[in-house]
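J.: Structure incoming, see below.
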Amino acid sequence: MIILHHLENSQSIRILWLLEELGMDYGFKMYDRDKKTMLAPDDLKALSPLGTAPVLTDGDIVLAESNAIIDYILDKAGPNALRPATSDADRAPYLFWFHAAQGSYQSILTMSFVLSNTTAKTPFLIRPLISKVLGMTQNLFIKPRLKAVMDKMEADLSSRDFLAGDRFTAADIAFGYTLFMADMRGDLSAAYPNTKAYLQRMNAREGWKKALAKDGKFQGIPS
Ligand SMILES: N[C@@H](CCC(=O)N[C@@H](CS)C(=O)NCC(=O)O)C(=O)O
């Protein structure tokens with residue numbers, strides 16, 4: 049049986065969401081973050097090839113990386129509506145949004161989060177200098193890239209209900225967590241009404257509610 053090794057307040061909530069949407073049988077092991085470092089605990093780090101969550105085990109197979117795990121689970125589930133077939137008109141937008149979630153948004157959002165934390169934790173005397181340099185990085189590199197993705201999403205959602213088309217897919221799961229984070233950080237301004245409405249549709253999904261209930265303490269990334 050597949051077992052999800054799930055870290056509290058983490059990207060691993062995507063996998064829980066996927067499993068609940070599919071109604072699959074799965075094992076579940078919850079891990080708490082280290083209270084001091086907020087990193088994954090040693091037993092999860094020992095299991096994961098990357099030292100990060102999520103991790104999926106299936107017999108001898110140990111798999112990390114959210115999107116790899118999503119594809120692995122979808123392969124196991126067989127043909128289903130969550131991954132448009134190659135002949136489906138929704139396939140290309142599906143591939144774009146599924147990969148943009150990790151390739152172009154989550155990684156840069158995490159970098160932004162780390163830079164903000166670095167500034168906040170810098171010794172007082174050099175903080176103005178560090179803040180200026182890291183602020184430049186945010187303005188020149190991070191913000192324009194995040195904005196480009198958000199602008200594209202806002203435009204796409206003006207003509208469809210979900211990222212790949214009018215039906216919910218795994219691209220919405222891959223991006224959903226990331227978007228909830230962006231929203232919690234206040235990154236989704238009034239300039240994104242279609243995206244805000246989309247988030248409400250996602251929040252209302254039974255699969256998401258079941259995932260939250262199973263997790264029991266999801267609050268977003270700790271700062
Ligand atoms: N790209 C990876 C990112 C994994 C990742 O950074 N996970 C974070 C949780 S959001 C983690 O395990 N943090 C704890 C740690 O690094 O010890 C994925 O999607 O699986």
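Numbering (this note's numbering), first residue to last: 49 to 271. Even glycine gets a Cβ: it sits at the ideal position worked out from N, Cα and C.
Lys77 by DSSP, collapsed to three states: which one?
T.: In this structure, Lys77 counts as strand in the three-state DSSP scheme.
J.: Could you pull the DSSP bridge partners for Leu104 from this structure?
T.: Leu52 and Leu111.
J.: I'd like to check one pair, Ala218 with Arg131: are the Cβ atoms closer than 8 Å?
T.: Yes, they are a contact pair.
J.: Comparing the CB of Gly268 with every heavy atom of ligand 1, is any distance shorter than 7 Å?
T.: Answer for Gly268: no, Cβ out of range of ligand 1.
J.: Exposed or buried, which one is Asp199 when buried takes at least 16 other CB atoms within 10 Å?
T.: Per the 10 Å Cβ criterion, exposed.
J.: Near ligand 1, which residues have their beta-carbon closer than 5 Å to a heavy atom?
T.: After applying the 5 Å Cβ criterion, the set is Ser58, Gln59, Leu87, Ala88, Thr100, Ala101, Glu113 and Ser114.
J.: Anyone know if the C-beta pair for Asp220 and Met201 falls short of 8 Å?
T.: Cβ atoms of Asp220 and Met201: not closer than 8 Å.
J.: Are Asp204 and Leu211 touching if we call contact CB-CB under 8 Å?
T.: Taking 8 Å as the Cβ cut-off, Asp204 and Leu211 qualify as a contacting pair.
J.: So Asp231 is in the alpha helix (DSSP H); what residue range does that whole segment cover?
T.: Segment Ala218 to Met232, the alpha helix (DSSP H) holding Asp231.
J.: Grab me the residues of Tyr153's own chain with a C-beta within less than 6 Å of its C-beta, minus the 5 sequence neighbours each way, in chain order.
T.: Within the same chain, Tyr153 has close Cβ partners Val197 and Thr226.
J.: Between Ser135, Pro102, Lys258 and Ala137, which has its C-alpha nearest Tyr120's C-alpha?
T.: Measuring from the Cα of Tyr120, the nearest candidate turns out to be Pro102.
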